[in-house]
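Student: Letter 110 of the sequence shown, counting from 1, is numbered 110 in the UniProt record's numbering, and no numbers are missing.
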Amino acid sequence: MRPDHPDAALLLREYMTEMVVRYHRRPARPGEVDDALAEMPSDDLTPPGGLLVVAHHGTDLAGCAGLRWQSGWAELKRVFVRPAHRGAGGGAALLAAVERRARAAGVHRIRLDTRHDLVEARALYARHGYVEIPAYSHGPYAEHWYEKQLTYAREGAK
Numbered sequence: 001m002r003p004d005h006p007d008a009a010l011l012l013r014e015y016m017t018e019m020v021v022r023y024h025r026r027p028a029r030p031g032e033v034d035d036a037l038a039e040m041p042s043d044d045l046t047p048p049g050g051l052l053v054v055a056h057h058g059t060d061l062a063g064c065a066g067l068r069w070q071s072g073w074a075e076l077k078r079v080f081v082r083p084a085h086r087g088a089g090g091g092a093a094l095l096a097a098v099e100r101r102a103r104a105a106g107v108h109r110i111r112l113d114t115r116h117d118l119v120e121a122r123a124l125y126a127r128h129g130y131v132e133i134p135a136y137s138h139g140p141y142a143e144h145w146y147e148k149q150l151t152y153a154r155e156g157a158k
C-alpha cells in the first residue's frame, strides 16, 4: 500500500505520534508530529525503492511495517502495531509478511536500527531471529542495530 493512502497515512501518523511521545516522555506539542513526519518521510516505502505492508484484524486497521530496498539487503522501517492489537501476535505477523516479501524479491538479509527506549520492539526483533550488529547507520535516533539473515532467498538479490 502507498504511504499516502488514507489507511497507511493514519497508521504512519499514529506511529510517529507514539515515537514523539516516547522520545520526549510527554504529550506531543502542536506541530511536533508534523515536523517529525517531514523530517523522516515514508514516501520511499513504495516500489521500486521499497514497500509498505498494512495489516488488518477483521475490519480494523491493526498496524504497518515497511522495507527500503538496498543493495543485497532491505532495511526494516515503521514497524507499528496499534495499542488495541498488541499482545495478539500482530508484530510477529508483520515481520513474517515483510520477510516473505523480502525473500520473494531475492533479498538475503534485513537490517534495522531502533532506539534504546523501544524495549518492546527490541524484544520482538530478538524473539524473531534478529541479532544485534555493529552500527551501519548514524541517524540521530539510531542506538541499536539488528540484522536477520533470510533463508531460502532466491539468487539475484536486490
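Beta carbons are placed, not taken as given, at the ideal position from N, Cα and C, and that holds for glycine.
Anyone know if the C-beta pair for PRO3 and THR46 falls short of 8 Å?
Tutor: A contact, by the Cβ cut-off of 8 Å.
Student: I'd like the list of long-range same chain contacts for ALA97, defined as Cβ closer than 8 Å, with 5 residues on each side in sequence excluded.
Tutor: Closer than 8 Å at Cβ, skipping near neighbours: VAL53, ALA55, ALA65.
Student: Give the straight-line distance between the Cα atoms of GLY72 and GLY49, rounded to the nearest whole angstrom.
Tutor: So the two alpha carbons sit approximately 13 Å from each other.
Student: Assign VAL81 to one of two classes, buried (16 or more other C-beta atoms within 10 Å of its C-beta) or exposed (fewer than that).
Tutor: Counting Cβ neighbours within 10 Å, VAL81 comes out buried, since at least 16 surround it.
Student: Let me check understanding here. Comparing Cα to Cα, which of PRO140, HIS85, SER42, LEU150 lies closest to ALA104?
Tutor: That would be LEU150, whose Cα lies nearest to the Cα of ALA104.
Student: Work out the CA separation of HIS144 and ASP117 for me, nearest whole Å.
Tutor: Roughly 10 Å between the two C-alpha positions.
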